[in-house]
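Report on the following structure.
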Amino acid sequence: NAGVTQTPKFRVLKTGQSMTLLCAQDMNHEYMYWYRQDPGMGLRLIHYSVGEGTTAKGEVPDGYNVSRLKKQNFLLGLESAAPSQTSVYFCASSLAGSTDTQYFGPGTRLTVL
Amino acid sequence: DQQVKQNSPSLSVQEGRISILNCDYTNSMFDYFLWYKKYPAEGPTFLISISSIKDKNEDGRFTVFLNKSAKHLSLHIVPSQPGDSAVYFCAASGYALNFGKGTSLLVTP
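Chain order of the listed sequences is A and B.
Numbered as in the working numbering, the first sequence ends at 207 without a single skipped number.
Numbered as in the working numbering, the second sequence ends at 240 without a single skipped number.
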């Protein structure tokens, strides 16, 4: 039982490049979330999903897209990376809504030059 | 605007003493609160939670207190241990979790 895994762990991009971050969970959770953590800012919600085939915007969605084609996977895309997207990205999942415990992945450290 | 505030960025406590981490919130609609613990290079892990119908919840060395009238909650760790050194995030439940900025706790031997 791996829990929540994230791929890749580290990535360096040039401004304007695109990439996709993959999150996978093996706990059969309905809800999945993408957060970013910046120094002194805590965790901010980018997008979330309440089930397969659904997505919704969080607090800071601009510049990101997401897809939830399979229940166990939640993808975060950056179409044209900007230096302001340099951050640590965390994926999380929960069985039910936000009152349920969220389980976090180990994070992806992204640097955009 | 930050709806969950942790006004102390850091806290240092001696081993064996009590650690008290504080959290304030502004939205009176929040009805469920959680504390997460985060070690460097790892994702946050759930520590303890409290529903707004309670004013206290205990789990071993960890106790969370909720004062709804003051919109304030606190996490008490007794006794503190060096392994408790981590960043602690307070979170409040709305349509999603609203996190504070975190408090870095250092427990010294």
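Idealized CB from N, CA, C, for every residue including glycine.
Remember, it's a predicted structure, so these values are computed and weren't measured experimentally.
Please classify residue i as buried or exposed, where buried requires at least 16 neighbouring CB atoms within 10 angstroms.
i	result
residue 148 of chain B	exposed
residue 136 of chain A	buried
residue 110 of chain A	exposed
residue 98 of chain A	buried
residue 96 of chain A	exposed
residue 151 of chain A	exposed
residue 159 of chain B	exposed
Measuring alpha carbon to alpha carbon, tell me which of the options ends up nearest residue i.
i	options	result
residue 208 of chain A	A/131, A/120, A/151, A/135	Examination of residue 208 of chain A is not possible in this model, given that chain A is present from 95 through 207 alone.
residue 238 of chain B	B/218, B/185, B/196, B/156	B/218
residue 170 of chain A	A/112, A/188, A/133, A/144	A/112
residue 139 of chain A	A/156, A/119, A/124, A/145	A/156
residue 186 of chain B	B/163, B/171, B/170, B/178	B/163
Can you give me the C-alpha to C-alpha distance between residue i and residue j, rounded to a whole angstrom?
i	j	result
residue 184 of chain A	residue 202 of chain B	28 Å
residue 200 of chain B	residue 103 of chain A	43 Å
residue 149 of chain A	residue 198 of chain A	18 Å
residue 168 of chain B	residue 187 of chain A	16 Å
residue 174 of chain B	residue 159 of chain A	22 Å
residue 144 of chain B	residue 173 of chain A	45 Å
residue 113 of chain B	residue 211 of chain B	Because chain B spans 132 through 240 in this model, residue 113 of chain B falls outside it and cannot be assessed.
residue 235 of chain B	residue 141 of chain B	4 Å
residue 108 of chain A	residue 207 of chain A	5 Å
residue 100 of chain A	residue 114 of chain A	11 Å
residue 226 of chain B	residue 191 of chain A	8 Å
residue 177 of chain A	residue 168 of chain A	23 Å
residue 105 of chain A	residue 182 of chain A	10 Å
residue 124 of chain A	residue 229 of chain B	19 Å
Please go through the same chain and pick out, in chain order, the residues whose beta-carbon is closer than 8 Å to the beta-carbon of residue i, but skip the five residues on each side of it.
i	result
residue 138 of chain B	153, 155
For residue i, which residues from the same chain have a beta carbon less than 7 Å from its beta carbon, with the 5 sequence-adjacent residues on both sides left out?
i	result
residue 209 of chain B	149, 192
residue 170 of chain B	217
If you drop the 5 nearest sequence neighbours on each side, which residues of the same chain put their C-beta closer than 6 Å to that of residue i?
i	result
residue 176 of chain B	168
According to a CB-to-CB cut-off of less than 7 Å, which residues of the stretch 171-198 of chain A neighbour chain B? Those would be 184, 192, 193, 195, 196, 198, in chain order.
**Study point:** Contact set between the stretch 164-186 of chain B and chain A, restricted to residues whose Cβ is under 9 Å from the partner
**Key:** 165, 167, 169, 172, 173, 174, 175, 176, 177, 180, 182
Original post:
If you measure beta-carbon to beta-carbon, which residues of the stretch 136-161 of chain A are closer than 9 Å to chain B?
Top reply: 136, 137, 138, 139, 142, 150, 152, 153
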